[in-house]
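Participant: Pasting in a structure now, in structure tokens, and then I'll have a few things to ask.
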């Protein structure tokens with residue numbers, strides 16, 4: 001996102017009361033960034049409302065640039081998809097997003113005070 005990869009892309013998938021998904025450079029749900037991100041599971045990172053996760057195909061290690069935001073708690077995704085963040089402000093805006101809405105800019109906010117180095121992240125090979 002520092003290089004503007006997501007700027008101008010769309011949210012290509014909206015499922016009411018479930019997720020809004022974006023980050024596909026083609027806007028179809030089939031695009032990627034030319035590399036894969038292996039599945040990482042942190043038992044403390046749950047699919048609560050506003051969770052940010054890496055979208056993927058059937059292969060658990062096929063994540064790339066697509067991401068989703070959960071619109072409500074979705075515990076059935078826990079342990080199967082990488083959660084890498086959470087919406088901490090503006091969930092009311094997220095809930096208004098729909099398929100075709102444009103991502104103007106993504107800015108990654110990192111609060112180093114909240115990062116716990118002792119937490120283990122599992123790279124899950126399935």
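Residue numbers (the UniProt record's numbering): 1 to 126.
Glycine included, each C-beta is placed from N, C-alpha and C at the ideal position.
Every value quoted in this text rests on a predicted model; they were computed, and no experiment measured them.
1. If you draw a straight line from the alpha carbon of residue 58 to that of residue 80, how long is it in whole angstroms?
2. If distances are taken between C-alpha atoms only, which option among 60, 87, 97, 103 comes closest to residue 16?
3. Just how far apart, CA to CA, sit residue 73 and residue 11?
4. Are the segment 59-67 and the segment 88-96 touching, with three or more C-beta to C-beta distances below 8 Å?
5. What are the uninterrupted segments assigned as alpha helix (DSSP H) that are 4 or more residues long and contained completely in the UniProt domain "PPIase cyclophilin-type" (1-99), given in chain order?
6. Quick one: grab the DSSP three-state call for residue 125.
7. Within its chain, find whatever has a CB closer than 7 Å to the CB of residue 76; leave out the 5 residues flanking it on each side and keep chain order.
8. Can you tell me whether residue 24 is buried or exposed, with buried defined as 16 or more other CB within 10 angstroms of its CB?
Facilitator: Checking against the coordinates, here is how it stands:
1. 10 Å
2. 97
3. 20 Å
4. no
5. 91-94
6. Its pLDDT being 48, under 50, residue 125 is placed unreliably in this model, and the coordinates cannot settle the point.
7. none
8. buried
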